[in-house]
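S.K.: Numbered continuously in our numbering, the sequence shown closes out at residue 460.
Ideal placement from N, C-alpha and C gives every residue a C-beta, glycine not left out.
All figures in this text were calculated on a predicted structure; none of them were measured in a lab.
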Amino acid sequence: MLDLFDSRERVVLADQAVLMRGRALGVDEALLAAIDAIAGRAPFRRMVTPGGFEMSVAMTNCGRVGWVTDRTGYRYAPRDPATGEPWPEMPAAFAALAHDAAAEAGFADFVPDACLVNCYEPGARLSLHQDKDEQDYRHPVVSVSLGLPATFQFGGLKRSDRPLKVSLTHGDVVVWGGPSRLVFHGVLALKDGDHPLAGRRRLNLTFRKAL
Ligand code: MD3
Ligand code: FE
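1. Could you pull the DSSP bridge partners for Pro335 from this structure?
2. Within 8 Å: the Cβ of Thr208 and any heavy atom of ligand 1?
3. Which same chain residues end up closer than 6 Å to Thr455 when comparing Cβ atoms and leaving out the 5 residues on each side of it in sequence?
4. Looking at the unbroken beta strand (DSSP E) that takes in Leu417, where does it start and where does it end?
5. Taking the beta carbon of Val416 as the centre, do at least 16 other beta carbons fall within 10 Å, making it buried, or is it exposed?
6. With a threshold of 16 other CB atoms inside 10 Å of the CB of Asp255, please say whether the residue is buried or exposed.
7. Going by CA-CA distance only, name the one from Arg408, Lys414, Gly396, Asp421 that's closest to Ala447.
8. May I have a chain-ordered list of the beta strand (DSSP E) segments no shorter than 3 residues that lie completely inside the segment 372 to 417?
9. Within 8 Å: the Cβ of Asp421 and any heavy atom of ligand 2?
10. Beta-carbon within less than 7 Å of Ala351's beta-carbon, same chain only, minus the 5 sequence neighbours each way: which residues are those?
11. Counting beta carbon pairs with one atom in the segment 322 to 339 and one in the segment 258 to 276, are three or more of them shorter than 8 Å?
12. Under 8 Å: do the segment 396 to 410 and the segment 429 to 442 share three or more Cβ pairs, one atom per stretch?
13. Give the range of the beta strand (DSSP E) segment to which Arg259 is assigned.
14. In three-state DSSP terms, what is Asp277?
15. So does His434 have its beta carbon nearer than 8 Å to some heavy atom of ligand 2?
16. Under three-state DSSP, which class holds Arg313?
17. With distances taken between CB atoms, is the gap from Pro292 to Thr309 smaller than 9 Å?
18. Thinking C-alpha only, which one of Ala341, Ala347, Gln379 is nearest Arg408?
19. Could you tell me which residues DSSP pairs with Met269 in its beta bridges?
20. If you draw a straight line from the C-alpha of Glu370 to the C-alpha of His419, how long is it?
21. Can Val422 and Ala363 be called in contact, C-beta distance under 9 Å?
22. Taking the alpha-carbon positions, what's the Glu258 to Gly333 distance?
23. Phe302 lies in the beta strand (DSSP E); which residues open and close that run?
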């Protein structure tokens with residue numbers, strides 16, 4: 250069978266950080282439909298940081314646990330604090346994409362238990378941070394970008410390391426592991442636009458093994 254998506258561009262961003270351009274294009278519409286179904290049960294909401302600021306990015310989760318923040322701190326929680334219900338199950342197509350992309354980047358047996366779904370509208374941004382709320386940093390993080398393009402920033406292990414910029418566009422998948430697992434990273438304010446499948450939004454899936 251001819252695989253139209255097999256001529257994949259891979260960009261090495263840093264040591265064990267691999268950008269797979271267009272890696273999710275074969276399943277983009279299925280991913281967006283699944284995100285709609287998740288948001289129907291666990292609505293997107295702008296959470297509050299421990300410092301008391303409302304995030305500009307709206308978030309929801311699927312999987313065994315979901316990432317949440319409020320005035321008391323950041324954590325992984327088995328239930329949606331907005332509804333008291335467990336987070337929607339991680340769709341099999343999500344887990345398969347994350348697992349397969351991780352394997353292609355050299356991380357065998359990645360089985361995510363958490364998928365954070367980020368929704369950016371024009372102007373939304375994510376300031377430079379590290380992902381440090383997971384138990385074991387030996388597991389990689391896999392991210393999938395859908396909808397409007399964004400400028401992603403990634404620096405080094407110190408906040409003061411000057412970040413590099415890379416555009417993440419619809420269908421891009423990035424695997425962050427090894428020494429890149431703890432790099433500072435963020436997303437610049439989303440520029441307005443109209444994506445044929447996602448409208449005026451950028452959606453990002455972040456797969457992690459939290460527990
Ligand atoms: C590098 N999300 O949810 S995805 C996050 O586009 C987050 O919504 C961004 O950072 C977004 O925490 C970036 C790319 C990404 C995700 C996790 C990483 C890069 C990472 C973890 C470690 C190093
Ligand atoms: Fe992050």
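M.R.: Answer, in terms of the structure:
1. Numbered from its first residue, the sequence shown carries residue 335 at position 86. DSSP, once it has assigned bridges, lists Arg328 as partnering Pro335.
2. Outside the displayed range of the chain (250 to 460) lies residue 208, so it cannot be described from this structure.
3. Numbered from 1 along the sequence shown, position 206 holds the residue referred to as residue 455. These residues qualify, in order along the chain: Leu365, Ser392.
4. Along the sequence shown, read from residue 1 onward, the residue named residue 417 stands at position 168. Start and end: 413 to 417.
5. Within the sequence shown, the letter at position 167 stands for residue 416. Before going on, a small fix: residue 416 reads as Ser here, not Val. Classification for Ser416: exposed.
6. Numbered from 1 along the sequence shown, position 6 holds the residue referred to as residue 255. Caution is warranted here: a pLDDT of 49 is assigned to Asp255, below 50, making its placement in the model unreliable, and the coordinate value is therefore given only provisionally. Classification for Asp255: exposed.
7. Counted from its first residue, the sequence shown places residue 447 at position 198. Nearest option by C-alpha distance: Gly396.
8. Counting only runs that start and end inside the segment 372 to 417, the beta strand (DSSP E) elements of at least 3 residues fall at 375 to 378, 390 to 396, 399 to 403, 413 to 417.
9. The residue labelled residue 421 in the question sits at position 172 within the sequence shown. Relative to the non-hydrogen atoms of ligand 2, the Cβ of Asp421 never comes closer than 8 Å to any of them.
10. Along the sequence shown, read from residue 1 onward, the residue named residue 351 stands at position 102. Cβ within range, chain order: Phe359, Pro389, Val391, Val424.
11. These segments do not touch.
12. The answer is yes - the segment 429 to 442 touches the segment 396 to 410, with three or more Cβ pairs under 8 Å.
13. Mapped onto the sequence shown, residue 259 falls at position 10. 258 to 263 is the extent of the beta strand (DSSP E) around Arg259.
14. Indexing the sequence shown from 1 puts residue 277 at position 28. DSSP places Asp277 in helix when its eight states are reduced to three.
15. For this step, residue 434 is matched to residue 185 along the sequence shown. Yes, the Cβ of His434 comes within 8 Å of a heavy atom of ligand 2.
16. Taking the sequence shown and counting its residues from 1, one reaches residue 313 at position 64. It is coil, neither helix nor strand.
17. The residue you call residue 292 lines up with position 43 of the sequence shown. The residue you call residue 309 lines up with position 60 of the sequence shown. Going by C-beta atoms, Pro292 is nearer than 9 Å to Thr309.
18. Indexing the sequence shown from 1 puts residue 408 at position 159. With distances taken between CA atoms, Arg408 lies nearest to Gln379 out of Ala341, Ala347, Gln379.
19. What you label residue 269 is simply residue 20 of the sequence shown in a count that begins at 1. Arg259, Val422.
20. For the purposes of this step, residue 370 is taken as residue 121 along the sequence shown, with counting starting at 1. For the purposes of this step, residue 419 is taken as residue 170 along the sequence shown, with counting starting at 1. Using only the alpha carbons, I get a separation of about 15 Å.
21. By one-based count along the sequence shown, residue 422 stands at place 173. By one-based count along the sequence shown, residue 363 stands at place 114. No; because the gap between Cβ atoms is not below 9 Å, this pair is not in contact.
22. Residue numbering aside, residue 258 sits at position 9 when the sequence shown is read from its first letter. Residue numbering aside, residue 333 sits at position 84 when the sequence shown is read from its first letter. Looking at the two C-alpha atoms, the distance is approximately 42 Å.
23. Translated into the one-based positions of the sequence shown, residue 302 becomes position 53. Annotation for Phe302: no beta strand (DSSP E) segment contains it, and DSSP assigns it neither H nor E.
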